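Residue numbering for the sequence shown follows my numbering, starting at 4 and increasing by one per position. Here is the structure we will look at, set down as structure tokens.
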Amino acid sequence: MTPDNFETARQRWQSFGGDNGKLLGIKATHLLVPVELEGDGRRLLKNQNDAAGASNLWIDSAELIVSPWLA
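This is the structure:
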């Protein structure tokens with residue numbers, strides 16, 4: 004899980020269209036991760052800065068949900 008992958012996934016969700024070709028208006032409000040990716044998810048959504056020290060563009064952009072049932 005990287006900031007670039009998160010951005011790409013959000014863009015794809017928001018560009019989904021219905022059968023009529025119109026956008027569905029989906030907004031990504033949650034990030035669901037397995038237990039193994041909880042640390043990555045927290046860093047992505049909660050840290051003020053990224054690993055390089057730059058401002059984190061994705062801070063608080065979604066709510067993190069950690070599920071032990073995901074593998």
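From the three backbone atoms N, C-alpha and C, an ideal C-beta is built for every residue, glycine too. Since the structure is predicted, the reported quantities are computational estimates derived from the model, not experimental observations.
Residue i to residue j span [Cα, whole Å]
i   : j   : result
N59 : T5  : 12 Å
E10 : P37 : 19 Å
L67 : N8  : 16 Å
D63 : A31 : 12 Å
S18 : G56 : 30 Å
D22 : W16 : 15 Å
Strand pairing of residue i, partner residues [DSSP]
i   : result
L27 : Partner(s): none; L27 has no beta bridge.
N59 : N59 is not bridged to any residue.
Test item: CB-CB of residue i and residue j under 9 Å
i   : j   : result
L48 : S70 : no
A54 : R45 : no
DSSP three-state assignment for residue i, whether helix, strand or coil
i   : result
G20 : strand
P6  : helix
L47 : helix
L35 : strand
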